[in-house]
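**Q** Same order as they appear, the protein sequences are chains A and B. Residue 33 is where the first sequence starts when you use our numbering, and the numbers rise one by one after that. Residue 4 is where the second sequence starts when you use our numbering, and the numbers rise one by one after that. Cβ coordinates follow ideal geometry from the N, Cα and C atoms, glycine included. Structure provided below as structure tokens; questions to follow.
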Amino acid sequence: MSSFIYSQILLYVSMGIVLFIPGYFLVLATFLNKKMSPIETFVVSFGSSIIITDLIIILIGKSPLPITSASILGMILFFSLACLAIYLFRKKRKNEIIGNKQGISHDRFPIKSAAMILLIVFLTIFIRTIYFKDTIFPTTTDLGHHMYWSKQIAITGDLPQYEKADIGQDFTIGEPQPIADFIIGEHLIFAAISIISGAEFISAFPGLVLFLIQIISLLAIFILTREIFKKAEHRYGDTIAITTLFLIGPLYAFATPQAKFVSGGVIGNIIGNLFIPLAIYFYVRAFSEKKSSLLAWALFFSFGLAYTHHLSTFVFIFIAFFSLISFAALNFRTVFSEARRLLRLIISPSVLTVIAAGIIFTFFVYTPSYFNQEAIDTAVGTPSKSTRTGLTLGQLKTTAGEARFAFAVAGIIMLFFVRKIGKYRQAFMIGWIAALALMSLRPDWLFVDIPSNRIASYVVFPIAIIAACMLVHIFILFRNKNENTNKNYIGPVFILITFFAFMMFVSADGFNDNANSLNTDNSANKALQTYAAAQYLAEHSGSDDIILKDHNYLSGDTWIKLFFMRGYNYPLSRGYFKRYEDSPSREQCTNLMISAPSSPEANKCFIGTKTNFTMINPKIDSGQFNKLDNFWQVYSSDEVGIYYRKDN
Amino acid sequence: MNSKLIPISIMGMLLASFIFLSAFETIQGDMSNKNIWMLYFSSPKDNSLDFIIENNSQNKIFHWQILLDKIVVTEGDSSVSLGDKKTITVPNDDIDLSNRKITIVVSDVNNNKKEIYKHF
Chain A
33 MSSFIYSQIL LYVSMGIVLF IPGYFLVLAT FLNKKMSPIE TFVVSFGSSI
83 IITDLIIILI GKSPLPITSA SILGMILFFS LACLAIYLFR KKRKNEIIGN
133 KQGISHDRFP IKSAAMILLI VFLTIFIRTI YFKDTIFPTT TDLGHHMYWS
183 KQIAITGDLP QYEKADIGQD FTIGEPQPIA DFIIGEHLIF AAISIISGAE
233 FISAFPGLVL FLIQIISLLA IFILTREIFK KAEHRYGDTI AITTLFLIGP
283 LYAFATPQAK FVSGGVIGNI IGNLFIPLAI YFYVRAFSEK KSSLLAWALF
333 FSFGLAYTHH LSTFVFIFIA FFSLISFAAL NFRTVFSEAR RLLRLIISPS
383 VLTVIAAGII FTFFVYTPSY FNQEAIDTAV GTPSKSTRTG LTLGQLKTTA
433 GEARFAFAVA GIIMLFFVRK IGKYRQAFMI GWIAALALMS LRPDWLFVDI
483 PSNRIASYVV FPIAIIAACM LVHIFILFRN KNENTNKNYI GPVFILITFF
533 AFMMFVSADG FNDNANSLNT DNSANKALQT YAAAQYLAEH SGSDDIILKD
583 HNYLSGDTWI KLFFMRGYNY PLSRGYFKRY EDSPSREQCT NLMISAPSSP
633 EANKCFIGTK TNFTMINPKI DSGQFNKLDN FWQVYSSDEV GIYYRKDN
Chain B
4 MNSKLIPISI MGMLLASFIF LSAFETIQGD MSNKNIWMLY FSSPKDNSLD
54 FIIENNSQNK IFHWQILLDK IVVTEGDSSV SLGDKKTITV PNDDIDLSNR
104 KITIVVSDVN NNKKEIYKHF
């Protein structure tokens, strides 16, 4: 019990150091806290801490220093103290202009609003906790892949080389080749927390970190919505923001990209869903308030996004492009004067510093692994697979949530006419939804060659904002009073009934979606057996032994590589059968060596790859091995059988 | 209302959730809760026939048999406590193993069986 408490304290202290401290001190140093409410400071500190920690560890990795708890803590401490010194120095300067005195006071929420926010957040966390209790034990495929790289950073003290060794046409395992699927920003914070706290990777901590990031990303949407609607709907800005929080928090809590992405370990998307709203938040504020310091923050988050997730970056580029187009279309008379204003914003010390730092970092310190022609060719072009040719409107409706979608459709039309929210806010909202809708529905028009359902997962947030805006506007209309009689145009009873009808529709649809997504299958039991077998093999094999495992029927199989740490593709893996059928040019050895181990082709594969251990599910795949004299069954549990091929 | 209370309250809620989930994960990751047991050779790559019963179930007594081809040559019972491993040594110096299959079959009190084998 005491070790549990001790490890818990260490974990949460480490999470605070990595995910809050450096960002908070950067916010202080730039006096951003004077321009934001505490909840905004909290969210921005969290988001910026992820980027700062990433940059700090990359710098350590590129220096002669190893990546250890001492170097990470030392650098975070140095950075934070430097920021604190800047803050104190600037504070002392009497002529320092601080705060947004002309702006709307962000300091206090009315008590009813604050209570409503806390109630919604409580429900959001509570419902997700119920879901995660069955999925928190690490078993999922993507998270296993990602944690391999994080563990590699933790045990080697160096930045990872993203490469893997595949089986070639001659049946041998080739030299490691670079892979563009992983981005360093997805792995560094997990490595840092593990290094500092000593937390095991096969534990709850990766899931908890993702859960935390997701909750903060919901708050980022909340502060963005509040920012978008604060000008036009001063009385109702908070109401729209709270309604948005309700539509993305407790409702549709498990569906993509919510809890399922957390339990699935879709790290890049989850962090992307934090950085995209934060970047938009700062762009909106920078253009509206004409403040270059805020534009610097917007660029900082855009830069951080590029170091974290390629798909989110790709989506964000389209959002920016469509926002630009919608701004130009809606403000074509003033577009050139606006361009001049933008130029004045850019030519400022803070913005130029961030741009210069970004360029230097990208080209001279660490270039993200997907910055190459091959990766770009994979994502850009005519859709190459049926899963990339776009969703139907019905599929998009399901992804967005039926009730949210219904209100959002009406809200999108309204968006074109709500000039009073401000031209920049209007342009960003239209650009955001238009980019994602087109990328999801008609990717061929934009030459986007990415799975359409992955892109559609990003549509949930703007749709929730627009739906919330529409929902609140309907009730504003209903509550409007006849100036002569001082009575509502519509009877209070009807307003009440309509309110409950709408809320029932939204809540029933959202909670029904939760119920359908609730996972009752706890895979921990099966995965534990996989990990026990992997531990056995790790203790009884060397780097000369080649292991093959099955991805189809072994639970938690992608985590097996963490027991060996002998390469990303170690052990070899029999993938989903469809992949072998869809790509005949793909190597077939990993399939044949399990499915037909006695075949001549499999024999060539065994000899070529030197595979001598095979891990399979005995209920499915033991028959073909038991018939063969050259295989020994050396391990047996309910879910895992290990066979040793003695000829190699 | 002082809006500093909002992030502080949210952190409190998250902390409570995290502690609950961590405790739950610790229970889920505890093999001794799973009522499973495993059988394996202590040396998978050489000719040793020593095997290990790793018990994470409520069973305590395990019956084991050693079969030469399909004939039982020796058998016995072993007591393995929950969370323990027991190595059973099989002397094979006196046995002519060439072209033979040695199978280890272990069953628990519910007659759940597992087997491992080596061909020589």
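1. At 4 residues or longer, what runs of the alpha helix (DSSP H) sit wholly inside the segment 236-322 of chain A?
2. Work out the CA separation of L503 of chain A and F531 of chain A for me, nearest whole Å.
3. I need the straight-line Cα distance from N544 of chain A to T431 of chain A, nearest angstrom please.
4. Who are F25 of chain A's beta bridge partners in DSSP?
5. Could you say if the segment 103-113 of chain A and the segment 76-89 of chain A meet the contact criterion of at least three C-beta pairs nearer than 8 Å?
6. Beta carbon of G599 of chain A, beta carbon of A559 of chain A: below 7 Å?
7. Grab me the residues of F54 of chain B's own chain with a C-beta within less than 6 Å of its C-beta, minus the 5 sequence neighbours each way, in chain order.
8. Going along the chain, which unbroken runs of the alpha helix (DSSP H) with 4 or more residues stay wholly within the segment 341-419 of chain A?
9. In its own chain, which residues sit with a C-beta less than 6 Å from the C-beta of F333 of chain A, not counting the 5 before and 5 after it?
10. Measuring only between beta-carbons, confirm whether S587 of chain A sits less than 7 Å from chain B.
11. Could you tell me whether any Cβ in chain A is nearer than 7 Å to the Cβ of K89 of chain B?
12. State whether the segment 654-666 of chain A contacts the segment 19-32 of chain B, with contact taken as three or more CB pairs (one from each stretch) at a distance under 8 Å.
13. Could you pull the start and end residues of the beta strand (DSSP E) that V480 of chain A belongs to?
14. If you count every other CB in all the chains shown that lies within 10 Å of the CB of S34 of chain A, and 16 or more means buried, which is it?
15. From the beta carbon of E28 of chain B, is the nearest beta carbon of chain A less than 7 Å away?
16. Please report the residue range of the alpha helix (DSSP H) in which L425 of chain A lies.
17. Going straight from the alpha carbon of F479 of chain A to that of T345 of chain A, what length do you get?
18. Tell me which same chain residues have a C-beta within less than 6 Å of the C-beta of I652 of chain A, skipping the five on either side of it?
19. Any idea if L509 of chain A is buried or exposed, counting beta-carbon neighbours within 10 angstroms, 16 or more meaning buried?
20. Closest Cβ-Cβ distance between Q31 of chain B and chain A: below 7 Å?
21. Beta carbon of F110 of chain A: closer than 6 Å to some heavy atom of the ligand SAM?
22. Is N58 of chain B helix, strand or coil when you go by DSSP?
23. So the candidates are A:G433, A:L151 and A:P208; which of them puts its Cα closest to the Cα of A285 of chain A?
24. Please check if any C-beta of chain B sits within less than 7 Å of the C-beta of T171 of chain A.
25. Step through the CB atoms of chain A and report whether any lies within less than 7 Å of the CB of H66 of chain B.
26. Along the chain, where does the beta strand (DSSP E) that runs through S605 of chain A open and close?
27. Whole-angstrom Cβ separation of A467 of chain A and F293 of chain A, contact assumed at under 8 Å?
28. Taking C-beta to C-beta, are L473 of chain A and G422 of chain A nearer than 7 Å?
29. When the cut-off is 7 Å and only beta carbons count, does S137 of chain A lie next to chain B?
30. Determine the closest residue to V75 of chain B out of B:H66, B:S82 and B:V83, with distance taken between C-alpha atoms.
31. Looking at the structure shown, is F63 of chain A part of a helix, part of a strand, or coil, going by DSSP?
32. In this structure, how does DSSP classify I49 of chain A when only helix, strand and coil are distinguished?
33. Would you give the residue range spanned by the alpha helix (DSSP H) that L326 of chain A belongs to?
34. Please classify R160 of chain A as buried or exposed, where buried requires at least 16 other C-beta atoms within 10 Å of its C-beta.
35. Thinking just about the alpha-carbon of each residue, which of A:L175, A:D190, A:V241 and A:F595 is nearest to the one in P96 of chain A?
**A** On the basis of the data shown:
1. 237-261, 269-280, 291-296 and 299-321
2. For the purposes of this step, residue 531 of chain A is identified with residue 499 of the first sequence, where counting begins at 1. For the purposes of this step, residue 503 of chain A is identified with residue 471 of the first sequence, where counting begins at 1. Cα to Cα, the separation comes out at about 9 Å.
3. Along the first sequence, read from residue 1 onward, the residue named residue 544 of chain A stands at position 512. Along the first sequence, read from residue 1 onward, the residue named residue 431 of chain A stands at position 399. So the two alpha carbons sit approximately 14 Å from each other.
4. The structure shown does not extend to residue 25 of chain A, since chain A is modelled only from 33 through 680, so no value can be given for it.
5. yes
6. Against the first sequence, residue 599 of chain A aligns to sequence position 567. Against the first sequence, residue 559 of chain A aligns to sequence position 527. Contact: no.
7. Residue numbering aside, residue 54 of chain B sits at position 51 when the second sequence is read from its first letter. Same-chain partners within the cutoff: F44, I91 and I107.
8. 342-362, 367-378, 381-392 and 405-411
9. Locating residue 333 of chain A in the first sequence gives position 301, counting from the first residue. Excluding residues within five positions, the ones whose Cβ falls inside 6 Å are F307, L310 and A311.
10. Here residue 587 of chain A refers to the residue found at position 555 when the first sequence is read from its first residue. Closer than 7 Å: no.
11. As a first step, residue 89 of chain B is located in the second sequence; it is residue number 86 there, counting from the start. Taking Cβ atoms only, chain A never reaches closer than 7 Å to K89 of chain B, which makes this a no.
12. no
13. Locating residue 480 of chain A in the first sequence gives position 448, where the first residue counts as 1. Careful: V480 of chain A lies outside any beta strand (DSSP E) and carries neither H nor E.
14. Indexing the first sequence from 1 puts residue 34 of chain A at position 2. It counts as exposed.
15. In the second sequence, the residue the question calls residue 28 of chain B occupies position 25. Closer than 7 Å: yes.
16. One-based indexing of the first sequence puts residue 425 of chain A at position 393. Where L425 of chain A is concerned, the enclosing alpha helix (DSSP H) stretches over L425 to A432.
17. Here residue 479 of chain A corresponds to residue number 447 of the first sequence, with the count starting at 1. Here residue 345 of chain A corresponds to residue number 313 of the first sequence, with the count starting at 1. Between F479 of chain A and T345 of chain A, the C-alpha separation is close to 16 Å.
18. Within the first sequence, numbered from 1, the residue matching residue 652 of chain A stands at position 620. Y585.
19. Here residue 509 of chain A corresponds to residue number 477 of the first sequence, with the count starting at 1. L509 of chain A comes out exposed.
20. On the second sequence, position 28 is the one that residue 31 of chain B refers to. Yes, Q31 of chain B counts as interfacial toward chain A.
21. This structure lacks the ligand SAM; in fact it carries no ligand of any kind.
22. For the purposes of this step, residue 58 of chain B is identified with residue 55 of the second sequence, where counting begins at 1. Correct three-state label for N58 of chain B: strand.
23. Looking up residue 285 of chain A in the first sequence gives position 253. Ranking the options by Cα distance to A285 of chain A, first place goes to A:G433.
24. Within the first sequence, numbered from 1, the residue matching residue 171 of chain A stands at position 139. No, no contact with chain B.
25. By one-based count along the second sequence, residue 66 of chain B stands at place 63. With 7 Å as the cut-off, H66 of chain B does not count as an interface residue toward chain A.
26. Looking up residue 605 of chain A in the first sequence gives position 573. Segment L604 to R606, the beta strand (DSSP E) holding S605 of chain A.
27. Walking along the first sequence from the start, residue 467 of chain A turns up at place 435. Walking along the first sequence from the start, residue 293 of chain A turns up at place 261. Incorrect: roughly 20 Å between the Cβ atoms, too far for contact.
28. Taking the first residue of the first sequence as position 1, residue 473 of chain A is located at position 441. Taking the first residue of the first sequence as position 1, residue 422 of chain A is located at position 390. Yes, these two residues count as a Cβ contact at 7 Å.
29. Counted from its first residue, the first sequence places residue 137 of chain A at position 105. Note that S137 of chain A scores 47 on pLDDT, short of 50, meaning its location in the model is unreliable; the coordinates nonetheless yield the value given after this. No, S137 of chain A lies away from the interface with chain B (no Cβ there is under 7 Å from its Cβ).
30. For the purposes of this step, residue 75 of chain B is identified with residue 72 of the second sequence, where counting begins at 1. When each option's Cα is compared against that of V75 of chain B, the closest is B:H66.
31. Walking along the first sequence from the start, residue 63 of chain A turns up at place 31. Reduced to three states, the DSSP call for F63 of chain A is coil.
32. Against the first sequence, residue 49 of chain A aligns to sequence position 17. In the structure shown, I49 of chain A sits in a helix (DSSP, three-state: H, G or I).
33. Within the first sequence, the letter at position 294 stands for residue 326 of chain A. L326 of chain A -> alpha helix (DSSP H) spans S324 to A338.
34. As a working mapping, residue 160 of chain A is identified with position 128 in the first sequence. By the 10 Å Cβ count, R160 of chain A comes out buried.
35. Residue numbering aside, residue 96 of chain A sits at position 64 when the first sequence is read from its first letter. Closest by alpha carbon: A:D190.
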